Structures are given as structure tokens and as C-alpha cells.
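S.K.: So the sequence shown is residues 25 to 113, counted in the working numbering.
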Amino acid sequence: MKTPEASSHYLLERLQGGASLTEPRTQRAIYGMGYSVLNPLLMFTEVYKHESTVVYVLLRFVVDWVDGQIIYLEAHEIDIVVGFCMHVL
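Okay, here's the thing in C-alpha cells:
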């Protein structure tokens, strides 16, 4: 049986992999995936703030997702992404 820490680590690794594969034709789907998990990721950060591995994977996901999305986003979407990044920090 997986522990909650292992499950959350696995989920974040999967999200990070998806975020790093952004191409113009898949950008909307990847943005939608990332956007849908923004608030749950903030909750993960609060719950696992003392688990350095989980926090590291979360931050890697954020970096990969922002890096893959930033060139495709419109102004209102950039505002959402910047707000999320500020909450993470």
C-alpha cells in the first residue's frame, strides 16, 4: 500500500512530466490541466511544507509548467499564473 507521501510525490511527478511536454498544439490542454490543480497544489504545499522532497517536486512542477506556458498565455492568464507563483513563494 502506498503512503500519502508516496502518492502525492507520484502525482506531482506525473504533473511535472505533463507540464514539460508543452507544444503549441497541446498548450490549451496542458494549461487547463495546470490551472485545474493550482488550488490543490497550494493545499499540498501547506500540508507537506516540512517534507522537502514533496516541496521540491511541487516547485519543479511550477517551474516546468510556467516555463512551458508563459509564451502562449494571454494577459489575463499571465495574471493568474503570476498570482499562483506568488502564493507558492
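Glycine included, C-beta positions come from ideal geometry on N, C-alpha and C. All values derive from a computational prediction rather than experimental measurement.
How many angstroms separate the CA atom of F108 from the CA atom of L62?
M.R.: What you label residue 108 is simply residue 84 of the sequence shown in a count that begins at 1. What you label residue 62 is simply residue 38 of the sequence shown in a count that begins at 1. Each residue's alpha carbon lies about 7 Å from the other.
S.K.: Would you report the Cα separation of V90 and V71, rounded to the nearest angstrom?
M.R.: Taking the sequence shown and counting its residues from 1, the one referred to as residue 90 is at position 66. Taking the sequence shown and counting its residues from 1, the one referred to as residue 71 is at position 47. The straight-line gap from Cα to Cα measures roughly 23 Å.
S.K.: With distance defined between alpha-carbon atoms, name the residue in H111, V106 and E98 nearest to Q51.
M.R.: On the sequence shown, position 27 is the one that residue 51 refers to. Measuring from the Cα of Q51, the nearest candidate turns out to be E98.
S.K.: Keeping to the same chain, check which residues put their C-beta closer than 6 Å to that of Y80; ignore five residues upstream and five downstream.
M.R.: Position 56 of the sequence shown, counted from the first residue, corresponds to residue 80. Once the five neighbours on either side are set aside, Y80 has no close Cβ partner at all.
S.K.: From this set, H74, L82, E101 and P64, which residue's C-alpha is nearest Y55's C-alpha?
M.R.: Counting from 1 along the sequence shown, the entry for residue 55 is found at position 31. Answer by Cα proximity: E101.
S.K.: To the nearest angstrom, report how far apart L65 and H111 are at their CA atoms.
M.R.: Here residue 65 is taken as the residue at index 41 of the sequence shown, counted from 1. Here residue 111 is taken as the residue at index 87 of the sequence shown, counted from 1. When rounded, the distance between both Cα atoms is 10 Å.
S.K.: Would Q93 and V105 qualify as a contact pair, given that the criterion is a beta-carbon distance under 8 Å?
M.R.: Taking the first residue of the sequence shown as position 1, residue 93 is located at position 69. Taking the first residue of the sequence shown as position 1, residue 105 is located at position 81. Yes, they are a contact pair.
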